[in-house]
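**Q**
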Amino acid sequence: MGQSERIFYRGQLLPLNVVSSNRVGNVSISAGSASLEISIHPYLKSRLTDGDVKKWVRLWLESEARRLIPIKVREWAEKTSLYPDKLRVKDQRSRWGSCSSKGNINLNWRLIMAPETVMEYVIVHELCHLRFPNHSKSFWALVAHYLPDFQMSKSWLRKNGQMLFLT
């Protein structure tokens, strides 16, 4: 994962820019509207490996997911009046989300890389499982009530989801 890499962040494929910086701290990452920038002390930059960059980007994305996804869940819980008992944002290898019979929701941190509409679809999907713990017609009708165009997000995940597992 080098200077020419591009990373999905909130649905945008952003170029990765590694720049030298004498700021306090060895590494910082920020997302602008046009790029994902890693500021790194010049001493470290000379010893930089692709593995280091990949690790830093992944840690930053996970941190962003743990910060932003719960905010979205709270927003949708308010809109739907469906509240999980617990929410965890975690690394899931084969799922975007899950809802337990105890009302706990797990969401994949990689959703931070998807478009916001896709993230919201997964959130609403799991919240709707709090009322219908299955994929019945009633369940899908409830999802469609809150997200009439949910099929587009579902299709996006099916078509593009594997790209989000490269990080």
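Each number in the numbering used here comes from the position in the sequence shown (counting from 1) with 11 added on.
Think of the CB as a built atom: it goes at the ideal place given N, C-alpha and C, for glycine as much as any other residue.
Pick out whichever of 59, 31 and 91 has its Cα sitting closest to the Cα of residue 157.
**A** Closest option to residue 157, Cα to Cα, is 91.
**Q** Kindly identify the DSSP beta-bridge partner or partners of residue 40.
**A** Note: residue 40 sits in a beta bridge opposite 49.
**Q** Could you check whether the segment 39-52 touches the segment 78-93, counting it as contact only if at least three pairs of C-beta atoms, one from each stretch, sit closer than 8 Å?
**A** They do not touch, by the three-pair rule.
**Q** Name the DSSP beta bridge partners of residue 24, please?
**A** In DSSP, residue 24 forms a bridge with 19.
**Q** Within 10 Å of its beta-carbon, does residue 76 have 16 or more other beta-carbons around it, so buried, or fewer, so exposed?
**A** Classification of residue 76: buried, given that the 10 Å Cβ count is 16 or more.
**Q** State the CB to CB distance for the pair residue 95 and residue 123, rounded to an integer number of angstroms; the pair is presumed to be in contact (CB under 8 Å).
**A** Actually they are not in contact, since the Cβ atoms of residue 95 and residue 123 sit about 18 Å apart, beyond 8 Å.
**Q** Check this for me: beta carbons of residue 59 and residue 29, under 8 Å apart or not?
**A** It is a contact, given that the beta carbons lie within the stated cut-off.
**Q** Going by other Cβ atoms of all chains shown within 10 Å of its Cβ, with 16 needed for buried, is residue 108 buried or exposed?
**A** With 16 or more other Cβ atoms within 10 Å, it is buried.
**Q** Count the other CB atoms, across all protein chains shown, that sit within 10 Å of the CB of residue 130; report buried if there are 16 or more and exposed otherwise.
**A** Looking at its Cβ environment, which holds 16 or more other Cβ atoms inside 10 Å, residue 130 is buried.
**Q** Does the separation of the CB atoms of residue 31 and residue 49 fall below 8 Å?
**A** No. Outside cutoff.
**Q** I'd like to confirm the pairing. Which residues does DSSP put opposite residue 147 in its beta bridges?
**A** Paired residues: none, contrary to the question.
**Q** To which residues does DSSP link residue 29 through a beta bridge?
**A** Answer is 49.
**Q** Looking only at C-alpha atoms, which of 140, 128 and 110 sits nearest to residue 22?
**A** Answer by Cα proximity: 128.
**Q** Could you pull the DSSP bridge partners for residue 100 from this structure?
**A** The partner list for residue 100 (beta bridge, DSSP) reads 118.
**Q** Over the uninterrupted beta strand (DSSP E) stretch that includes residue 109, give me the two end residues.
**A** Its beta strand (DSSP E) spans residues 108-110.
**Q** Taking the alpha-carbon of residue 134 as reference, which of 16, 82 and 145 has the nearest alpha-carbon?
**A** Nearest of 16, 82 and 145 to residue 134, Cα basis: 82.
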